[in-house]
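S.K.: Dumping the structure here so I can ask a few things about it.
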Amino acid sequence: MVSNALDPHRIKARVRQPSTSAVNPYKYKRLFDLVVASLVTLLILSWLMPVISLLVVLTSRGPAIFRQTRSGLNGQHFTCYKFRTMQWPASKGPFRQVSKDDSRVTAVGRILRRTNLDEIPQFINVLRGDMSVVGPRPHPIQLDAQFWFSLPGYLHRYSVRPGITGLAQARGCRGETGNPLKMKHRLMYDQFYIRKASTRMDISICLQTLVTMLKGNTDAF
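All residue numbers for the sequence shown refer to the UniProt record's numbering, where the first residue is 1 and numbers rise by one.
Okay, here's the thing in structure tokens:
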């Protein structure tokens, strides 16, 4: 059960929306998202997703795609897609983030997480309008409930669509998010992005993310 404080109607009433003026940096953001997501889907996902899906299901029991509820624009819940990187079925115990050397992560899953390829099904979320290519990363709702109360300004992340990647990730903020100090650091980048977002910044973040993928994300488990 999600805390009442996370009710989307209450969030929408409290978040600050980006400016609607003629110089609004978000004016063409949806068009940017659709162009990028469509190109990635046609040129990459059309052949890469079947290959990765096959690797996932052949090397461990369970579905290729993992679905999890996340909070999006104005706190609205949506189903976020990822390639499954952990043993199936998942533990029925309390929510627990993936940690270093986590035994639940499969061999293929570890590679997908280090290269961030586990996130590419989220381009489907972008086409559906749940997410943007660039924006604050959506967190599991259990973490949202935790940070809502402990981090002032956290709810303003809901004033824009969450992203597949973001400024925080481009600046090296990756891995576990359960630590309030680490989350505060990420939040500073998220708030800066929400204020200063532009197509130029989105392109820069996408390029930095691509470099990280090619090098391998050493902070991913």
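Note that beta-carbon positions come from the ideal geometry of N, C-alpha and C, so glycine has one too.
As the structure is a computational prediction, the values presented were derived from the model and not from experiment.
Compute the beta-carbon to beta-carbon distance between A64 and V51, rounded to the nearest angstrom, for a pair I have assumed lies under 8 Å.
M.R.: Going by Cβ atoms, the distance from A64 to V51 rounds to 11 Å, so no, they are not a contact pair.
S.K.: The alpha helix (DSSP H) spanning G109 covers which residue range?
M.R.: Unbroken alpha helix (DSSP H) run through G109: A107 to T115.
S.K.: Could you tell me which residues DSSP pairs with V134 in its beta bridges?
M.R.: V134 is bridged to T165.
S.K.: Closest by CA to G163, which one among V211, D102, F123 and S198?
M.R.: With distances taken between Cα atoms, G163 lies closest to F123.
S.K.: Tell me whether K82 sits in a helix, a strand or coil according to DSSP, three-state version.
M.R.: If DSSP states are grouped into helix, strand and coil, K82 belongs with the strands.
S.K.: Indicate the three-state DSSP secondary structure (helix, strand or coil) for I194 in the structure shown.
M.R.: Helix.
S.K.: Evaluate the contact criterion for the stretch 152-172 versus the stretch 132-140: three or more CB pairs, one atom per stretch, below 8 Å.
M.R.: The stretch 152-172, when compared against the stretch 132-140, does touch it at the 8 Å Cβ threshold.
S.K.: Tell me the rounded alpha-carbon separation between Y193 and F78.
M.R.: The straight-line gap from Cα to Cα measures roughly 22 Å.
S.K.: H185 by DSSP, collapsed to three states: which one?
M.R.: Note: H185 maps to helix in three-state DSSP.
S.K.: Give the single residue among L58, M86, P121 and S159 whose Cα lies nearest to the Cα of R195.
M.R.: The shortest C-alpha separation from R195 is found at S159.
S.K.: Can you list the alpha helix (DSSP H) stretches of 4 or more residues lying completely in the stretch 35-87, in chain order?
M.R.: List check, alpha helix (DSSP H) in window: 46-59.
S.K.: Less than 8 Å between the beta carbons of Q87 and T106, yes or no?
M.R.: The answer is yes: Cβ separation under 8 Å.
S.K.: Alpha carbon to alpha carbon, how far is R30 from S60? Give it in angstroms, no decimals.
M.R.: Taking the straight line joining both Cα atoms gives about 37 Å.
S.K.: Output yes or no for whether 8 Å exceeds the beta carbon distance between V126 and D190.
M.R.: Against a cut-off of 8 Å, the Cβ pair of D190 and V126 comes out as no contact.
S.K.: How would you label G153, buried or exposed, when you count the other beta carbons within 10 angstroms and need 16 or more for buried?
M.R.: Per the 10 Å Cβ criterion, exposed.
S.K.: On the three-state DSSP scale, how would you describe M201?
M.R.: DSSP places M201 in helix when its eight states are reduced to three.
S.K.: Which value, in whole angstroms, describes the spacing of the CA atoms of R67 and L58?
M.R.: If you take the alpha carbons of R67 and L58, they lie about 19 Å apart.
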